[in-house]
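For the sequence shown, the residue numbers in my numbering are 12 to 439. A virtual CB, placed ideally from N, CA and C, is assigned to each residue, including glycine. Let me begin by presenting the structure, written as structure tokens, before commenting on it.
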Amino acid sequence: MSDILSQYKGCSIKDLPTPNFIINEEKFDRNCTAMLNNVETLSQQCGVPIKFRAHVKTHKTVKGTLKQLGHGLPLATRTTRAILVSTLKEAVELLDHQDSGCLDYINDISYSLPCCVPEFIPLLSNLSRRVDNLQVFVDNIEHLENLRKFGRPASGKKWSIFIKVDMGTNRAGLAFDSSDFLNLLKFLSSPGTKEIIEPYGFYAHAGHSYSSATIYDTQNLLIEEIKAVNCAAKVLCSMDPTIDASGLTLSVGATPTSNSLKLDNKSTLVKLITTELIGNLEIHCGNYCMYDLQQVATGCVQDCELSGFVLGTVLSSYPSRGELLSNTGVMSLTRESSSIKGFGNCVDLQQVLGSEEFSRDWYVARISQEHGILKPRRKWEDTSPLKLGTKFAVLPQHVCITMGQFPYYFVANSQGIVTDVWVPFQKW
Ligand SMILES: Cc1ncc(COP(=O)(O)O)c(C=O)c1O
């Protein structure tokens, strides 16, 4: 990719080939700084340490990870060394980079997919040798049986597990009041298991917070996430009195619920944390460094806070049906949706780098493999036409998945000049 960088460094984004993915570095930095500072503020308001764990799944890059951890962000009030990964490849490549430079920016990795089945356990075991703290996710008694059968991981320490708690998303995890959950904890507390496996803590991710419409809804869901992991920890401690609750991590978050930390009024949240928690609170999230229309739809962010977009070109025009053709089809945008109509909002390139609210004249109404059909939100006659050949930005619906379509991302400054190219650890 150094060829790409040498070819385009210093160019205006207007001169880049399309479709491509662009990151506005200043907005990325601002988003990372804001989240670190919001967690720090909560920690100070509660008078207890609250850890932040960054999910790197959205961009899957070294440079993006460093920023999420707080490096190179002069206004960030804290840093962190803890990450979440969505694939083993993300962990391995980040550790390869760290080792090759004799660096030490990550010391704590959680792999957020419950995958303790025979195919993956040897890989997790190898990974355990490479990082001080590795947590694997568990939500099935068979996961524990498999780990116990395998024995201790290559690090020689016990398997450190995050028990995934489902608090309404119905994706992965167990409800803390379910019989499956109780059986899992019983097995965890049995003598043969305790030699091999130890609980690191409980983990909740309110994926359903993505359908929230206001920041107050997301704050309520953050409170529910915290209550769920706290209840789960209480159940474990009541079943096994040898467990020291103060050593358990209670990890919660999704970008919408974590964004609710922006609210000035956090009295209910602060009271819950200071009076009821039996373990150590950790906030985790990932999408927040980029944002997308799904996040705008939650009411927690504005579209001008998005730090990335797809660059596309207008290819043809059909005035009789009031539509334009672009090259931003499903291969570049994906087929994600939200309460915001269409598959992406079109924004003028002059506007997209700024911080003023965007006009929303055009959106991507239909997509096939490489065709993107743009429609105006108002009547065709009342909308300023986009000429053939015009380059424009599309704000994607779900940026984590959109970025997965691109082999590299152009990084631009606020003047729209390319400064870097980030290469992601794509796929598996
Ligand atoms: C298990 C898990 N934890 C955390 C996250 C991060 O959530 P978000 O991207 O909303 O911050 C995700 C994202 O999909 C996830 O699957």
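Considering only the beta carbon of each residue, do residue i and residue j sit closer than 8 Å?
| i | j | result |
| --- | --- | --- |
| residue 214 | residue 173 | yes |
| residue 122 | residue 147 | yes |
| residue 330 | residue 391 | yes |
| residue 436 | residue 36 | no |
| residue 383 | residue 349 | no |
| residue 301 | residue 317 | yes |
| residue 295 | residue 77 | no |
| residue 397 | residue 314 | no |
| residue 246 | residue 196 | yes |
| residue 198 | residue 325 | no |
| residue 23 | residue 427 | yes |
| residue 126 | residue 285 | no |
| residue 12 | residue 419 | yes |
| residue 27 | residue 432 | no |
| residue 277 | residue 53 | yes |
| residue 120 | residue 109 | no |
Going by alpha carbons, who is nearest to residue i out of the options?
| i | options | result |
| --- | --- | --- |
| residue 424 | 202, 34, 126, 250 | 34 |
| residue 166 | 155, 139, 182, 147 | 139 |
| residue 237 | 319, 99, 187 | 187 |
| residue 130 | 65, 431, 157, 321 | 157 |
| residue 59 | 201, 184, 289, 218 | 289 |
| residue 45 | 71, 88, 21 | 88 |
| residue 255 | 340, 86, 363, 212 | 212 |
| residue 257 | 321, 318, 61 | 61 |
| residue 51 | 180, 203, 292 | 292 |
| residue 79 | 371, 38, 190 | 38 |
| residue 310 | 286, 345, 269 | 269 |
| residue 263 | 315, 274, 243 | 243 |
| residue 400 | 30, 14, 15, 13 | 30 |
| residue 128 | 155, 169, 430, 76 | 155 |
| residue 203 | 191, 117, 163 | 163 |
| residue 408 | 64, 193, 353, 334 | 353 |
| residue 370 | 376, 358, 381, 364 | 358 |
| residue 265 | 69, 393, 159, 82 | 69 |
| residue 98 | 124, 190, 168 | 124 |
| residue 253 | 381, 364, 209 | 209 |
| residue 220 | 207, 182, 194, 246 | 182 |
| residue 260 | 41, 14, 28, 64 | 64 |
| residue 14 | 434, 108, 439 | 434 |
| residue 93 | 335, 145, 375 | 145 |
| residue 412 | 368, 223, 346, 395 | 346 |
| residue 333 | 224, 415, 375, 109 | 375 |
| residue 169 | 207, 184, 175 | 207 |
| residue 415 | 368, 387, 364, 343 | 343 |
| residue 297 | 363, 410, 308 | 410 |
| residue 151 | 120, 118, 190, 117 | 190 |
In three-state terms, what does DSSP make of residue i?
| i | result |
| --- | --- |
| residue 370 | coil |
| residue 320 | strand |
| residue 259 | coil |
| residue 128 | coil |
| residue 377 | strand |
| residue 403 | strand |
| residue 212 | strand |
| residue 295 | strand |
| residue 281 | helix |
| residue 413 | helix |
| residue 137 | helix |
| residue 438 | coil |
| residue 288 | coil |
| residue 387 | strand |
| residue 343 | helix |
| residue 106 | helix |
| residue 243 | helix |
| residue 93 | strand |
| residue 237 | helix |
| residue 337 | strand |
| residue 306 | helix |
| residue 172 | strand |
Tell me which residues share the same chain as residue i and place their Cβ nearer than 6 Å to its Cβ, disregarding the 5 neighbours each side in the sequence.
| i | result |
| --- | --- |
| residue 161 | 132 |
| residue 135 | 147 |
| residue 271 | 226, 229, 230, 233 |
| residue 101 | 67, 71, 436 |
| residue 430 | 422, 424 |
In chain order, what residues of the same chain lie with their CB nearer than 7 Å to the CB of residue i, ignoring the 5 residues before and after it?
| i | result |
| --- | --- |
| residue 379 | 340, 341 |
| residue 178 | 215, 217, 235, 236, 239 |
| residue 200 | 250, 251 |
| residue 90 | 80, 81, 82 |
Leaving aside the five residues before and after residue i along the sequence, list all residues of the same chain whose C-beta is less than 8 Å from its C-beta, in chain order.
| i | result |
| --- | --- |
| residue 84 | 40, 43, 44, 47, 78 |
| residue 274 | 226, 227, 230 |
* To do: Can you check the region 14-86 for any alpha helix (DSSP H) of at least 4 residues that lies completely inside it and give the ranges in chain order?
  => 36-57, 73-79
* Along the chain, which unbroken stretches of the alpha helix (DSSP H) at least 4 residues long are found entirely within the region 180-226? -> 190-199, 202-205
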